[in-house]
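Below: the structure, in structure tokens.
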Amino acid sequence: MQMLASDHPTPQHAKLAIDAVLRVRERRPRIHCITNAVAQNFTANLLLAAGAIPSMTVAPDEIADFVGSADALLVNLGTFDRERREAVEIAVKQVVNAGRPWVLDPVFVDRSRPRAQFARTLMARSPTAIRLNAAEFAAVADVQAGEKTPERLALDRCCVVALSGAIDIVTDGARTAKIENGDPLMARVTAMGCAGTALVTAALAVETDRWVATLGALLAFAVAGEWAAARARGPGTLAIEILDALANLDRETLLTRARLS
Amino acid sequence: MQMLASDHPTPQHAKLAIDAVLRVRERRPRIHCITNAVAQNFTANLLLAAGAIPSMTVAPDEIADFVGSADALLVNLGTFDRERREAVEIAVKQVVNAGRPWVLDPVFVDRSRPRAQFARTLMARSPTAIRLNAAEFAAVADVQAGEKTPERLALDRCCVVALSGAIDIVTDGARTAKIENGDPLMARVTAMGCAGTALVTAALAVETDRWVATLGALLAFAVAGEWAAARARGPGTLAIEILDALANLDRETLLTRARLS
Amino acid sequence: MQMLASDHPTPQHAKLAIDAVLRVRERRPRIHCITNAVAQNFTANLLLAAGAIPSMTVAPDEIADFVGSADALLVNLGTFDRERREAVEIAVKQVVNAGRPWVLDPVFVDRSRPRAQFARTLMARSPTAIRLNAAEFAAVADVQAGEKTPERLALDRCCVVALSGAIDIVTDGARTAKIENGDPLMARVTAMGCAGTALVTAALAVETDRWVATLGALLAFAVAGEWAAARARGPGTLAIEILDALANLDRETLLTRARLS
Chain P
989 MQMLASDHPT PQHAKLAIDA VLRVRERRPR IHCITNAVAQ NFTANLLLAA
1039 GAIPSMTVAP DEIADFVGSA DALLVNLGTF DRERREAVEI AVKQVVNAGR
1089 PWVLDPVFVD RSRPRAQFAR TLMARSPTAI RLNAAEFAAV ADVQAGEKTP
1139 ERLALDRCCV VALSGAIDIV TDGARTAKIE NGDPLMARVT AMGCAGTALV
1189 TAALAVETDR WVATLGALLA FAVAGEWAAA RARGPGTLAI EILDALANLD
1239 RETLLTRARL S
Chain B
989 MQMLASDHPT PQHAKLAIDA VLRVRERRPR IHCITNAVAQ NFTANLLLAA
1039 GAIPSMTVAP DEIADFVGSA DALLVNLGTF DRERREAVEI AVKQVVNAGR
1089 PWVLDPVFVD RSRPRAQFAR TLMARSPTAI RLNAAEFAAV ADVQAGEKTP
1139 ERLALDRCCV VALSGAIDIV TDGARTAKIE NGDPLMARVT AMGCAGTALV
1189 TAALAVETDR WVATLGALLA FAVAGEWAAA RARGPGTLAI EILDALANLD
1239 RETLLTRARL S
Chain H
989 MQMLASDHPT PQHAKLAIDA VLRVRERRPR IHCITNAVAQ NFTANLLLAA
1039 GAIPSMTVAP DEIADFVGSA DALLVNLGTF DRERREAVEI AVKQVVNAGR
1089 PWVLDPVFVD RSRPRAQFAR TLMARSPTAI RLNAAEFAAV ADVQAGEKTP
1139 ERLALDRCCV VALSGAIDIV TDGARTAKIE NGDPLMARVT AMGCAGTALV
1189 TAALAVETDR WVATLGALLA FAVAGEWAAA RARGPGTLAI EILDALANLD
1239 RETLLTRARL S
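Residue numbers (this note's numbering), protein chains in the order written: chain P, 989 to 1249; chain B, 989 to 1249; chain H, 989 to 1249.
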């Protein structure tokens, strides 16, 4: 199999990406989140801090009403109950028909076979972006069909793939960026990754270049985490400081601190 | 339709209202909350900070046991799953039969028709107070029957209506107060409004004048929010500071800072 | 009935206990928590702060996969819905068969008869430890069979009993310790007790002497709470500070501050 070459981000890309995530503050998009019970509160707070308007219902009876008036949809598989799966079916169908963005976060698919199976069926339904770590990637990518790299997965599924880790990789197959910002303490706060994916969803609601939107959200999130970690005395204060940082960080600071390659 | 004139609050009303909410610290009422998954944790923490003892189960099998030993009930429609609806039916029936106060918070009824319909059936079952914003008011009031103002809704439903906004309005039809305290940053924290309604429920458990109780809770909440906003650096720190404020604010400070009209 | 004499903790016990809980930082055990909706987020954050890796799914379809790859299981009855009960049945059976530790926290069984009944059936299935307060003890102990003290309950059920209160008691029937650390403000934060029991579960995953493990977790938790209370301005800041404390407190500080008898 031939390896794919992909373009690296330019300073211009960083500006566009940061502009995209800051546009969330102005446009205040409505983001509907079907996310796990552990992450609901922190995710809603992070979206509000960034300027978006979250809604979080998972009830099949009313999911259509909420998704119908939302600008983008997040599907996070962190709690895999029947009600949420039913809601996901309705919501994804609706958002795909309406041509609006939706993002898949297949949390912990490496720990549960039925969840991995469900994630694979969702990946066949054209998510705008997928965010996952290396273990989750291994659990859902079709390696036998050649999906060995995030670039290949992105091309196969026509979506943006964000591979999270010490360094985040964001690729649409043609363009790949590495984000070197962030802080290890972020991994000591529950739902931190889930909330980051919600921010990606918000950026996709206000930026049509999906790679730029995903990059902007994860870059701002990582810079905010770094900023917060510098002020925090542990994981408790970090979770609070990152909300304040996302509400307050300005364009200049984000640009100055961004470390992309 | 004739407009209703209603009395304005006097300094004596402010004192009675603040005494009511501070009585929560002494009496420690048990408040059962059927509230949405996003708000459960923050609501429980806010009730504990104010001195009340929260319980939060939504299981139909045991809701009767919990409500039977609670002093008041909160019904918040923010997540509209089947289990919660079933629990609401049992709980409201029980609390109404026992003659204890219950409060309805019809969150986001403007975003979901089935939820608005459910809210209307609950409004027919004599809530002690209803708290909602302008969009939610428009979704559940029967405008054709003349329910165009919070005063009229309060008279029709024999309850207190708290209309939240930049300025909160609290009315029982005969008496109307406007609360000018609060801070815009409060809207950037999820479940802030839901938790405020829980505080109303706690005040109703210890004060028989339902208008005084509702006013006291929302006034203390708004002053605490203002106090917290003055110390906060963003929405993350605000959510923490308001809990500390509710635990610590004294009668003198509340009276001095109250801005009622 | 003859009263049981039990040994008191020695300074050597304190060292072993503190070593056990600090081992969580090195070994990073996976702890699966079936816990109530109010406590999920804070419990996950407390486990992460202490060094453990939490998972929280309650879906019967995948609970076996999660428990199968976890080092210990927490069962907290704080929300008593059907899905959680179904998940508990599967999870307890699996963990008992595998010979791994599991801990029961029968929250609020004094408020709900069906919950107390469920707790009693679980107590017959050999939990490694049970943590409960005096009211919960009275609701589940078989007083007629002589279970009048935590020591007797521990001997009857072959488990460690941790009786929480102003002073925590930890006993396996033969050895009993009293922990005099802690702060009353801890009771003003929701899920604080639930999170403490999760820390017990994590310590049991890395220490085979179940009494030493339970003692270590509750001692570290109480010292962290005390440390946090000294820095907090109310319950809001306390909840944040205790997470930072658990992530940072060193062996020397824990040993110096421990007040055992």
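All C-beta atoms in this analysis are idealised placements derived from N, C-alpha and C, irrespective of residue type, glycine included. Every value quoted in this text rests on a predicted model; they were computed, and no experiment measured them.
Exercise for the section: Given a cut-off of 8 Å, decide if V1200(P) and H1001(P) are closer than it, judged by their beta-carbon atoms. Expected result: H1001(P) places its beta carbon less than 8 Å from that of V1200(P).
Handout entry: W1090(P) - partner residues in DSSP beta bridges
Key = DSSP, once it has assigned bridges, lists L1061(P) as partnering W1090(P).
Practice task
Assign L1242(B) to one of two classes, buried (16 or more other C-beta atoms within 10 Å of its C-beta) or exposed (fewer than that).
Solution key: With 16 or more other Cβ atoms within 10 Å, it is buried.
Handout entry: Min CB distance A1032(H) to chain B below 8 Å
Key = Not one chain B Cβ lies under 8 Å of A1032(H).
Practice task
Measure from the C-beta of T1178(P) to each C-beta in chain H and report whether the shortest distance is under 8 Å.
Solution key: Closer than 8 Å to some Cβ of chain H, the Cβ of T1178(P) qualifies, so yes.
Handout entry: H1020(B), DSSP secondary structure in three states
Key = Strand at H1020(B).
Handout entry: Span of the alpha helix (DSSP H), counted from its first residue to its last, around R1247(B)
Key = Taken as a continuous stretch (DSSP letters only), R1247(B) belongs to no alpha helix (DSSP H), as it is neither H nor E.
Problem - Three-state secondary structure (DSSP) of S1166(H) - result: For the record, residue 1166(H) in the displayed sequence is Lys; it is not Ser. K1166(H): strand per DSSP, three-state reduction.
Exercise for the section: Could you confirm whether any beta carbon from chain H is found closer than 8 Å to the beta carbon of G1224(P)? Expected result: Output row for G1224(P): interface = yes.
Exercise for the section: Using alpha carbons as the reference points, say which of P1094(P), D1197(P), V1046(P), V1026(P) lies closest to A1122(P). Expected result: Nearest C-alpha to A1122(P): P1094(P).
Exercise for the section: Classify G1222(B) as buried or exposed, calling it buried when 16 or more other Cβ atoms lie within 10 Å of its own Cβ. Expected result: By the neighbour-count rule (16 or more Cβ atoms within 10 Å), G1222(B) is buried.
Problem - Chain-ordered chain H contacts of T1067(P) [CB-CB under 8 Å] - result: Chain H residues near T1067(P): M1044, T1045, V1046, A1047.
Problem - Proximity below 8 Å, CB of C1182(B) to CB of N1024(B) - result: Yes, they are a contact pair.
Exercise for the section: List the endpoints of the continuous beta strand (DSSP E) containing T1159(H). Expected result: Here the beta strand (DSSP E) through T1159(H) covers 1156-1159.
Problem - Residue-level contact to chain B via CB, A1037(P), 8 Å cutoff - result: It does: the Cβ of A1037(P) has a partner Cβ on chain B nearer than 8 Å.
Handout entry: Local Cβ density within 10 Å of T1189(H), reported as buried at 16 or more and exposed below that
Key = Taking all protein chains shown into account, T1189(H) has 16 or more neighbouring C-beta atoms within 10 Å of its C-beta and is therefore buried.
Practice task
For I1228(P), return the contacting residues in chain B, with the cut-off set at a CB-CB distance below 7 Å.
Solution key: Neighbours of I1228(P) on chain B, chain order: G1224, T1225, I1228.
Practice task
Would you mind stating whether A1220(H) and E1229(H) have Cβ atoms separated by less than 8 Å?
Solution key: The answer is yes: Cβ separation under 8 Å.
Practice task
For the segment 1151-1163 of chain H and the segment 998-1014 of chain B, state whether three or more C-beta atom pairs, one from each stretch, are separated by less than 8 Å.
Solution key: Touching, no.
Problem - Cβ-based neighbour list, R1015(H), same chain, cut-off 7 Å, excluding 5 preceding and 5 following - result: Within its own chain, the residues whose Cβ lies closer than 7 Å to the Cβ of R1015(H), once the five positions on either side in sequence are excluded, are V1194, listed in chain order.
Practice task
With a threshold of 16 other CB atoms inside 10 Å of the CB of I1184(B), please say whether the residue is buried or exposed.
Solution key: Here the sequence assigns Gly to residue 1184(B), which means Ile is not the residue at that position. Its Cβ being crowded by 16 or more others within 10 Å, G1184(B) is buried.
Practice task
Please state if the CB of D1144(B) and the CB of A1126(B) are separated by a distance shorter than 8 Å.
Solution key: No. Outside cutoff.
Problem - Beta-carbon contacts of A1246(B) that lie in its chain and below 6 Å, excluding the five residues immediately before and after - result: Within the same chain, A1246(B) has close Cβ partners A1002, L1207.
Problem - A1205(B) vs A1227(B) beta-carbon contact at 8 Å - result: Going by beta carbons, A1205(B) and A1227(B) fall outside the 8 Å limit.
Exercise for the section: Note down, in chain order, every chain H residue with its Cβ under 8 Å from the Cβ of P1102(P). Expected result: Ordered by position in chain H, the residues that pass the 8 Å Cβ test against P1102(P) are D1049, E1050, D1053.
Handout entry: Neighbourhood of A1117(H) by C-beta, 7 Å cutoff - its chain only, sequence neighbours within 5 removed
Key = The answer, listed in chain order, is V1091, C1147, V1148, A1150, V1188, L1192, R1198, T1202.
Handout entry: Helix, strand or coil at L1034(P) [DSSP, three-state]
Key = Helix.
Exercise for the section: Grab the span of the beta strand (DSSP E) containing A1047(B) for me, first residue to last. Expected result: Note, A1047(B): premise wrong, no beta strand (DSSP E); not H, not E.
Problem - Buried versus exposed, by CB contacts within 10 Å (16 or more), Q1082(B) - result: That one is buried.
Problem - With 16 other Cβ atoms within 10 Å as the buried cut-off, status of A1131(P) - result: Position check: residue 1131(P) holds Val in this sequence, whereas Ala was assumed. In the assembly as shown, V1131(P) is an exposed residue. Its beta-carbon has fewer than 16 other beta-carbons within 10 Å.
Problem - Residue burial classification, T1244(P) (beta-carbon count within 10 angstroms, cutoff 16) - result: With fewer than 16 Cβ atoms within 10 Å of its Cβ, T1244(P) is classed as exposed.
Problem - Cross-chain neighbours of N1029(H) in chain B, by beta carbon under 9 Å - result: Neighbours of N1029(H) on chain B, chain order: N1029.
Exercise for the section: Scan the segment 1065-1153 of chain P and note each continuous beta strand (DSSP E) run of 3 residues or more that stays entirely inside, going in chain order. Expected result: Taking only runs of at least 3 residues, the beta strand (DSSP E) segments lying wholly in the segment 1065-1153 of chain P are 1090-1093, 1117-1121, 1148-1152.
Problem - Inter-residue spacing [alpha-carbon to alpha-carbon] between L1231(B) and G1161(P) - result: Rounded to the nearest angstrom, the gap between the Cα atoms of L1231(B) and G1161(P) is 47 Å.
Handout entry: Closer than 8 Å to chain P by CB, R1221(B)
Key = Interface with chain P (8 Å Cβ-Cβ cutoff): R1221(B) is included.
Handout entry: Under 7 Å by beta carbon: chain P residues contacting E1071(H)
Key = Those within 7 Å of E1071(H) in chain P are D1069.
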